[in-house]
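Visitor: What follows is a single structure, and I will ask about it in a moment.
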Amino acid sequence: MKFTEFGFSDQLLEGIEAINYETATPVQEQVIPRIINGKDLIVSAQTGTGKTASYLLPILQRILTEEPSDHVKALVIVPTRELAIQISQNLEGFSYFTSVSSIAVYGGGDGNTYANERQALSHGADIVICTPGRMISHLNMGYAKIKHLKYLVLDEADRMLDMGFHEDIMKIISFLPKQRQNLLLSATMPPKIRELAKKILYEPDEIFISISKPPARIVQQVFVVYQTQKIALVQHLLKMHNFPSVLIFCSRKENVKQLARELKRAKFSAEEIHSDLEQNDREQVLSRFRSRQLSILVATDILARGIDIDNISLVINYDVPHDGEDYVHRVGRTARAETDGIAYTFVGETEQRKFGAIERLLGEPVPRGIVPEELGATPTFNPGAAKRSVGRKNNSDKKRRSKGRKPKGSSTNSAPSKQPQE
Ligand code: AMP
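Taking the numbering used here, I'd label the letters of the sequence shown as residues 168 to 589.
Structural data, given as structure tokens:
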């Protein structure tokens, strides 16, 4: 689902576009509409699933449709300073073209930081991201304008309980109005989280999302190349080892046909499979591949999805898969049934951003493979630069205009980083 389909306001969509998000992750698809509809939610999702945007974006959207006020509207409680900073950076990116104000409130700063936090809380920054201890010390002083709060988010709730923040959380909640929307996010759902949820949430919907990861025994490598180098690289890798069974995924029929033609010309035992082939021919090719008479099958990803063949020794993503789930699914074709396997992914110059998003969703970089020198120079991997930059025309004008609604003593937004750093 594209972000343009959620009914977000134009200013919000501009921020989303500027940080290069296009397609919602599964957690975002499920969570965003429910928050917009005012539901309380328990979300079981780990870092890497896109959970932060899943609650920040709809809260921003709702705030944008409300009357401006000098009260805090949303409070996000998180376990650590690092997480507070990270979420606040995300928020600054998303809200860059809006008039929504925000502040991160966490311990460890100097007197100036405290004064800034105090200022923002007493003037009612729209969204406050806080760690529990620091928030309580502000609340105890009595100046925080929090009693008209509408949205409460507990992020990484399991970690907060593990760190002994249960009482602090309940104390913060004692300052809040009873009528509010509550969201609880947690990587795990032990009984103590359920108890906390029972105390805080009202008839919540429950959403469980997990991003599966490829089994550890699969050797994964990514090759950053120019599109024109891909055929030569396939040939090089195939020659290095004598893989008995190789499945190559391409995103387009044309690529399948061209690659299969070149491999056959170079005397590899290769065939192609795509929607232009008659059903009979497809079955024949598949049966030869299954029985190992044919060692290399080049397929479009759509067709390859339905191919159930175990013990493939090498998977090559000739083109970058559509998303993280697709990547995991394809890579999982190798190393079935406890055997080891190898998965190579080729990232062409126009696919870097897409692959960057996959790596973020996986939560870690895929090791880089070495492209042989004889293939020539390769591009640098810089996924953030793959789309037009943030400093676009009229950028500053818009910012100035939207600032009209931002009179509070809250943090000012800095330019959104292309991809909020995780
Ligand atoms: P999170 O699970 O919120 O910690 O997000 C993990 C990473 O995925 C962060 O680097 C986000 O910027 C990135 N991310 C989240 N949602 C999307 C999306 N829809 N498209 C691309 N990247 C995303």
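We put the beta carbon where it would ideally sit given N, CA and C, even for glycine.
Considering only the beta carbon of each residue, do residue 413 and residue 480 sit closer than 8 Å?
Guide: In contact: residue 413 and residue 480 (Cβ atoms closer than 8 Å).
Visitor: Suppose you measure from the CA of residue 581 to the CA of residue 263; what does that come to, to the nearest Å?
Guide: A caution first: residue 581 carries a pLDDT of 34, below 50, which makes its placement in the model unreliable, though a value can still be read off. Cα to Cα, the separation comes out at about 8 Å.
Visitor: Got a sec, what are the start and stop residues for the beta strand (DSSP E) residue 319 sits in?
Guide: Per DSSP, residue 319 belongs to the beta strand (DSSP E) from 318 to 321.
Visitor: Could you spell out where the alpha helix (DSSP H) holding residue 205 opens and where it closes?
Guide: Note, residue 205: premise wrong, no alpha helix (DSSP H); not H, not E.
Visitor: Looking at residue 217 and the ligand AMP, is the gap between the Cβ and the nearest heavy atom below 7 Å?
Guide: Checking every heavy atom of the ligand AMP against the Cβ of residue 217, one is found closer than 7 Å.
Visitor: Check whether the stretch 193 to 213 touches the stretch 251 to 261, taking contact to mean three or more Cβ pairs, one atom from each stretch, closer than 8 Å.
Guide: No: fewer than three Cβ pairs fall under 8 Å.
Visitor: Using CA atoms only, rank isn't needed, just tell me which of 421, 457, 410 and 445 is closest to residue 435.
Guide: The shortest Cα separation from residue 435 among 421, 457, 410 and 445 belongs to 410.
Visitor: Consider the C-beta atom of residue 319 and the heavy atoms of the ligand AMP; say whether any pair is separated by less than 7 Å.
Guide: Not under cutoff, so the answer is no.
Visitor: Using a threshold of 7 Å, is the CB atom of residue 527 nearer than that to any non-hydrogen atom of the ligand AMP?
Guide: Correct: residue 527 has its Cβ closer than 7 Å to the ligand AMP.
Visitor: Give a single yes or no on whether residue 190 has its beta carbon closer than 7 Å to a heavy atom of the ligand NAP.
Guide: Here the bound small molecules are the ligand AMP; the ligand NAP is not part of this structure.
Visitor: On the three-state DSSP scale, how would you describe residue 177?
Guide: Residue 177: helix per DSSP, three-state reduction.
Visitor: Which of the three DSSP states, helix, strand or coil, is assigned to residue 454?
Guide: Helix.
Visitor: What is the DSSP secondary structure of residue 300, counted as helix, strand or coil?
Guide: Residue 300: helix per DSSP, three-state reduction.
Visitor: Alpha carbon to alpha carbon, what distance is there between residue 265 and residue 201?
Guide: So the alpha carbons of these two residues sit roughly 22 Å apart.
Visitor: Suppose the cutoff is 7 Å on Cβ atoms and the five residues either side in sequence are ignored; what does the same chain contact list for residue 498 look like?
Guide: Taken in chain order, the residues that qualify are 381, 385, 387, 482 and 510.
Visitor: Return the first residue and the last residue of the beta strand (DSSP E) that residue 486 is part of.
Guide: Run containing residue 486: none; DSSP gives neither H nor E here.
Visitor: Tell me, to the nearest whole angstrom, how far the beta carbon of residue 299 is from that of residue 339; I am working on the premise that it is less than 8 Å.
Guide: Contact flag correct, Cβ pair sits at about 6 Å.
Visitor: What are the residues that DSSP puts in a beta bridge with residue 514?
Guide: DSSP, once it has assigned bridges, lists 391 as partnering residue 514.
Visitor: Is residue 555 helix, strand or coil by DSSP?
Guide: Low confidence applies here, because residue 555 scores a pLDDT of 35, under 50, leaving its location unreliable and the question unanswered by this model.
Visitor: In the DSSP assignment, find the unbroken beta strand (DSSP E) run with residue 439 in it and report its ends.
Guide: From DSSP, the beta strand (DSSP E) with residue 439 extends over 437 to 440.
Visitor: What does residue 285 pair with, by DSSP beta-bridge criteria?
Guide: The partner list for residue 285 (beta bridge, DSSP) is empty, contrary to what the question assumes.
Visitor: Quick check: the stretch 354 to 374 against the stretch 511 to 522, are at least 3 beta-carbon pairs closer than 8 Å?
Guide: Result no; under three Cβ-Cβ pairs closer than 8 Å.
Visitor: Measure the CB-CB distance between residue 464 and residue 415 and report whether it falls below 8 Å.
Guide: Contact: yes.
Visitor: Can you list the beta strand (DSSP E) stretches of 3 or more residues lying completely in the stretch 225 to 286, in chain order?
Guide: Whole beta strand (DSSP E) segments, 3+ residues: 241 to 244 and 269 to 272.
Visitor: Based on DSSP bridge pairs, tell me the residues matched to residue 538.
Guide: According to DSSP, which records beta bridges pairwise, residue 538 is partnered with nothing at all.
Visitor: Within a Cβ cutoff of 7 Å, which residues of the same chain sit near residue 305, ignoring the five residues on either side of it in sequence?
Guide: So the list reads 272, 284, 285, 288 and 311, once near-sequence residues are dropped.
Visitor: Is the separation between the beta-carbon of residue 321 and that of residue 244 shorter than 8 Å?
Guide: Taking 8 Å as the Cβ cut-off, residue 321 and residue 244 qualify as a contacting pair.
Visitor: Would you report the Cα separation of residue 394 and residue 516, rounded to the nearest angstrom?
Guide: Looking at the two C-alpha atoms, the distance is approximately 7 Å.
Visitor: Is residue 345 helix, strand or coil when you go by DSSP?
Guide: Here residue 345 sits in coil by DSSP.
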